[in-house]
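Protein chains in written order, with the working numbering: chain A, 1 to 253; chain B, 254 to 413; chain C, 414 to 954.
Every residue gets a Cβ at the ideal spot worked out from N, C-alpha and C, and that includes glycine.
Have a look at the structure below, then the notes.
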């Protein structure tokens, strides 16, 4: 049982929502999902003021840059299947909103960054849920998340040592390098040096908002398997290695 | 549960799967043991599917049901075929504790079962939606090597 | 965001002095740090009761406040703090002990993996005293040359006083002294220049302690909010560009930046007006630092001083790179700053109130230049590198990455990570080509949450770089760079000015410049709480 895979943390949050509120959240989800009709609507509503600029609502999330993947699902009571006698009968009173996220950093870092950075965004997606305390102050918000969080039984990442930022910078670096390799074939030494310097200065990154994400992402930081997310997970890992080595000794005997 | 097998991912290259399946009465504890063992095993079945970015199994509602989510490259069909062909025993060991599990093979009933339990995400966010697992891993590899190369050039000569 | 009245005064008589006052700015430039173990709770409490009348509070001193009648300055200040084990030894009820936060209960040694205290910074290399059962920290601050003996005399009195309570209260020995001997106290002192003038320098040569958080209720000059408060969306060189931080970030019992009362022990009277103290003894490897700078700057445009400035984000004379990118500008500011300081001190010594008022206004104006900046005009780091020390520990509005409005406030990700810094250098560096010797910094950090403020900054911002999009690169100066050739390389990218066509300058193989030599987590109670503890009156029921 672990919520951690390398630099990634799995959060599962399951919160009840009144049936009659479900449609509002579904509309909000739809507004935030990139699609042609939504983009068209956005283009239109943006002119009504920043409140209606739905695409901009994701700015904070993108700037936080902690998430790999996240999803929201709403399940209504009648959508829980009953498949036969092997399964006990249930009578759910509410619909449920399920939120699953893969993020970097510790639980507190993640939860607090959202609460401090984009409180309105959080409220927009959860305030129809039963018992939602609003995302600020943090105490009741922490309690709500802890109360409704479910532990992960099995967690897998194909690239556990990479933070979302590591991936973004690696992708940009590879593209720039491929392009440079292409261009450099016909360069003389002087030109090569000049272009190489230009490449490096572009790879240093420039988080100017006028630049696209591709242009600005810094690429020169190194990548390594630190830091630890929690002392508990380190202790568990250590104990596990010990158990394994004991088992190996037994096997060898 | 919705009978459709649609993914809730709005992105072209990445598909999301969210399965909610009822656990057989009284088998949740055993299932938890299986998942714990798979988690710490050197070689978990999921590793054999090279198109999965992230995946998780979570036992919900005091053992009433099992959730599986994953983000993967390519089509639904291809992904399920990989599952059914490459790791049928692993899947049987886990989903065998769920009601109505037909077995990972043969393919048709397996797919039908999965389709039936998929709850497409209402909102799905991916930070780098155009990259496959292979591309991510290759990019990381390039970065590691380039960054080491650039640093090697920059290091002051060490007196030994 | 709504803010409460910034002028609501705190009860400064109830708050321990060093929380509000930076003693070294008040001419207390020498210090002794003494640790005790309590094996007999009753005696420990008596000892405490005996000390109470001498504890220095935050109440204004006559020179500080023209409005309020001030107290005379004491010859030597005294303050007291406890570890969790110390509170237990003083027999605080279990129900109260259980209400302290987990990291404080665990203590600094057990948090080593969070803090990156590994390799030569690992606790097994610390001064032995810090591995003993540390219960109580007393610290005395006194005058500098030529009156250092005053501190000595007061320390002597304290030693005599403590003897009355032994056995039961033992002064712990094992602070490493210069000769390698194990002493029963740690000393600290500001550094002097060749002419014998007091400086604000530490051993690497940087002016230290320039910027400290500004929060509500202290009665400090409201103009000091510039550079010390939290950033607003206005210009950083105006008062409108800043707001005072909420008191609850630095003192328990007040609302914090999340609009609630910080997590605090029970009963409320035990917590209110108290805070946590993170004590770190950090050795400075001056030899490694100088030789790395010498070698690396051979290829760096601007040379050694410029490279030293890029590491920290301030020139060694204190001028910030963000607003003073050339050495000439920096030297100009430093000269004016020094001049203003000298004039102010002279007027004070002459007891010339008129001249003092004028001089302190000039000083305040110059000080503003040292702190009134953010990084919005320097997003790419062409002036101040994104990974420079001061930009890491206080990113100001920088975590919005220029995307104005991305967060509810510009400093949303920074305002809850601010740290009040006190402390002094210790020792003298006798040979700048060597790492050994007994010299470094006594760093004292005051925070309402050790975990959220100190540990977070230490782990995520100094020993990691993800929040700045710098991968695993660490703080060049304070990061725990690996000695292990297979470990994480000590690395820093010094960005070039965008559009200049120049490549960034990459520093690699940075050795560990700073090593932890000791430390602990302490609770600094209010005067009320000290009295309650000394009389065994703490009852959380």
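Requested in this report: Give the DSSP-derived three-state secondary structure of residue 37/A in the structure shown.
Outcome: helix
Can you check whether the C-beta of residue 193/A is within less than 7 Å of a C-beta belonging to chain C?
no
Residue from 142/A, 93/A, 82/A and 41/A with nearest C-alpha to residue 673/C: 142/A
Point to revise | Positions along the stretch 905 to 925 of chain C whose CB lies within less than 9 Å of some CB in chain B | key: 918, 919, 920, 921 and 922
Which residues in chain B sit within 7 Å of residue 117/A, going by Cβ to Cβ distance?
Within chain B, no residue comes near residue 117/A; the closest Cβ sits about 16 Å away, beyond 7 Å.
Let me see if you follow: with CB-CB separation under 7 Å, is residue 199/A close to chain B or not?
no
Could you confirm whether any beta carbon from chain A is found closer than 7 Å to the beta carbon of residue 369/C?
-> No answer is possible for residue 369/C: it lies beyond the span of chain C, which begins at 414 and ends at 954.
Which of helix, strand or coil does DSSP assign to residue 698/C?
coil
Continuous alpha helix (DSSP H) stretch holding residue 253/B: start and end
Residue numbering for chain B in the displayed model covers 254 to 413; residue 253/B lies beyond these limits and cannot be assessed.
- Using 10 angstroms around the beta-carbon of residue 914/C, count the other beta-carbons present and answer buried if the total reaches 16, otherwise exposed. exposed
TODO: Express the C-alpha separation of residue 180/A and residue 195/A in angstroms, rounding to a whole number.
DONE: 8 Å
Members of the stretch 393 to 406 of chain B that neighbour chain C once the beta carbon cut-off is set at 9 Å = 396, 400, 401, 403, 404, 405 and 406
Any idea what DSSP makes of residue 129/A, helix, strand or coil? strand
Taking residue 899/C as the query, report the chain B residues whose CB atoms sit under 7 Å from its CB, ordered along the chain.
-> Near residue 899/C there are no residues of chain B at all, since even the closest Cβ is about 12 Å away, more than 7 Å.
So, helix, strand or coil for residue 522/C, using DSSP? helix
Where are the beta strand (DSSP E) runs, 3 residues long or more, that stay fully inside the stretch 843 to 925 of chain C, in chain order? 852 to 860, 905 to 907 and 918 to 920
Is the CB of residue 375/B under 7 Å away from at least one CB in chain A?
yes
* Asked: Can you name the residues of chain C whose CB is closer than 7 Å to the CB of residue 224/A?
  -> 885 and 901
**Prompt:** According to DSSP, what are the bridge partners of residue 928/C?
**Reply:** 696/C
- the stretch 899 to 916 of chain C / the stretch 797 to 808 of chain C touching (three or more Cβ pairs under 8 Å): yes
Worksheet item: DSSP on residue 559/C, reduced to helix/strand/coil?
Response: coil
Measuring CB to CB, does residue 121/A end up less than 7 Å from residue 60/A? yes
(request) Please classify residue 831/C: is it buried, with 16 or more other beta-carbons within 10 angstroms of its beta-carbon, or exposed? (result) buried
Legend entry - Residue interval of the beta strand (DSSP E) (run including residue 389/B): Segment 386 to 407 is the alpha helix (DSSP H) holding residue 389/B; no beta strand (DSSP E) there.
Could you tell me which chain A residues have their CB closer than 7 Å to the CB of residue 878/C, listed as they occur along the chain?
221
For residue 180/A, return the contacting residues in chain B, with the cut-off set at a CB-CB distance below 8 Å. Correct list: empty, because the minimum Cβ distance to chain B is about 11 Å.
Which residues in chain A sit within 8 Å of residue 465/B, going by Cβ to Cβ distance? Since the first residue shown for chain B is 254 and the last is 413, residue 465/B is missing from the structure and cannot be characterised.
Q. Residues in its own chain within less than 8 Å of residue 479/C by CB, not counting five upstream and five downstream?
A. Low local confidence applies: a pLDDT of 48 at residue 479/C is under 50, so the model's placement there is unreliable, with the coordinate-based value given in what follows. Counting only Cβ-Cβ distances below 8 Å, and skipping sequence neighbours, we find nothing.
| query | Can the beta-carbon of residue 946/C be found closer than 7 Å to that of residue 503/C? | reply | yes
Exercise. Residues in the stretch 143 to 155 of chain A with C-beta within 8 Å of chain B's C-beta atoms, listed in sequence order?
Worked result: 150, 151, 152, 153, 154 and 155
- Message: Given this structure, state the Cα-to-Cα distance separating residue 614/C from residue 820/C, to the nearest angstrom.
- Response: 36 Å
- Task: Taking residue 309/B as part of the beta strand (DSSP E), name the residues at either end of that continuous run.
- Result: 305 to 313
Proximity of residue 688/C and residue 861/C at Cβ, strictly below 7 Å
yes
Requested in this report: Spatial neighbours of residue 680/C within its chain, please: CB distance less than 6 Å, with the 5 preceding and 5 following residues excluded, ordered by chain position.
Outcome: 953
Q) Quick one, are the C-beta atoms of residue 668/C and residue 656/C less than 7 Å apart? A) no
DSSP three-state assignment for residue 478/C, whether helix, strand or coil: Note that residue 478/C scores a pLDDT of 48, beneath 50, so its modelled location is shaky and nothing firm can be said.
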